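Structure record follows, encoded as structure tokens.
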Amino acid sequence: MARSLSYITATHLTSLARSNPRVAIVDVRDEERSYDAHIGGSFHFASESFSQKLPELAKAVEGKDTVVFHCALSQVRGPTCARAFMNYLSEAKKESDIKNIMILERGFNGWQYLKKPVCTCTDSPCKAACA
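Take the sequence shown: its letter number 69 is residue 90 in the working numbering, and every next letter is one higher.
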């Protein structure tokens with residue numbers, strides 16, 4: 022299955038996530054997530070151990086059709102992890118519903134700057150109770 026890799030704005034992600042329950046958000050920041058907030062409902066797969074956790078991520082996002090990655094700025098870690106996940110899915114022999122792999126423009130810092138909803142829970146994955 023051919024998958025696309027593209028960028029998405031915070032505003033577009035907000036509306037997409039509200040209207041489509043098949044969207045997963047993956048935060049690949051490392052230690053920042055523990056003292057910063059995060060996007061409600063997001064999964065946390067730290068970039069420092071990301072490649073070892075690809076099978077676990079694939080299982081976590083089963084049934085989703087869009088997966089959005091981000092780090093602090095989405096300039097290095099977010100795009101790198103998004104590409105690694107896309108390659109993993111391409112090489113996997115397993116079926117997946119994922120059609121779109123996206124990167125959040127301006128990352129979490131941009132999300133927070135635009136005053137989009139954040140959560141400060143310590144749950145992994147976040148249950149979005151505070152979003």
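We treat Cβ as the ideally placed atom computed from N, Cα and C, and that holds for glycine. Only a predicted model underlies this, so the values are computations on that prediction, with no experimental measurement involved.
Buried/exposed call for residue i, threshold 16 Cβ in 10 Å
{"i": "Lys74", "result": "exposed"}
{"i": "Asn54", "result": "The amino acid occupying residue 54 in the given sequence is Arg; Asn does not appear at that position. Arg54 comes out buried."}
{"i": "Thr87", "result": "buried"}
{"i": "Gly128", "result": "buried"}
{"i": "Lys85", "result": "buried"}
{"i": "Ser72", "result": "exposed"}
{"i": "Leu78", "result": "buried"}
Spatially closest choice to residue i from the options, by CA coordinates
{"i": "Met123", "options": "Ser95, Arg39 and Trp132", "result": "Ser95"}
{"i": "Gly131", "options": "Ser25, Ala93 and Arg39", "result": "Ala93"}
{"i": "Pro42", "options": "Asp48, Leu26 and Leu34", "result": "Leu34"}
Contacting residues, own chain, Cβ-Cβ under 8 Å from residue i (five flanking each side not counted)
{"i": "Glu69", "result": "Asp51"}
{"i": "Asn121", "result": "Arg24, Ser25, Ser27, Asp86, Thr87 and Val88"}
Through-space distance from residue j to residue i, alpha-carbon basis
{"i": "Ala152", "j": "Met107", "result": "Note on Ala152: pLDDT 48, under 50, position unreliable in the model; the coordinate value appears next. Going from the Cα of Ala152 to the Cα of Met107 covers about 28 Å."}
{"i": "Pro76", "j": "Lys137", "result": "30 Å"}
{"i": "Val97", "j": "Val47", "result": "14 Å"}
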